[in-house]
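Worksheet: the structure to be examined is printed underneath.
Numbering (this note's numbering), first residue to last: 44 to 108.
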């Protein structure tokens, strides 16, 4: 994974942490990384962070208190 992509992952985790304060950071990080692996083979990388955030947010909806 490129350094730029790691930066995007960190940003997505931080945003979702603010959006879902009742969900622990480990859960958020795991969900984001799982979503990221789903798009690992995507040829066009520009929209991957947005798609990862959207998928992770949908997954976290069910875990938020």
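By construction, the Cβ of each residue, glycine as well, lies at the ideal position given by its N, Cα and C atoms.
query, result
"Residue 100 versus 49, 63, 51, residue with shortest Cα-Cα distance", "63"
"Residue from 92, 70, 85, 91 with nearest C-alpha to residue 103", "70"
"C-alpha gap between residue 93 and residue 59, whole angstroms", "12 angstroms"
"Whole-angstrom distance between residue 81 and residue 72, CA atom to CA atom", "14 angstroms"
"Residue environment, residue 96, which counts as buried when at least 16 other CB atoms sit within 10 Å", "buried"
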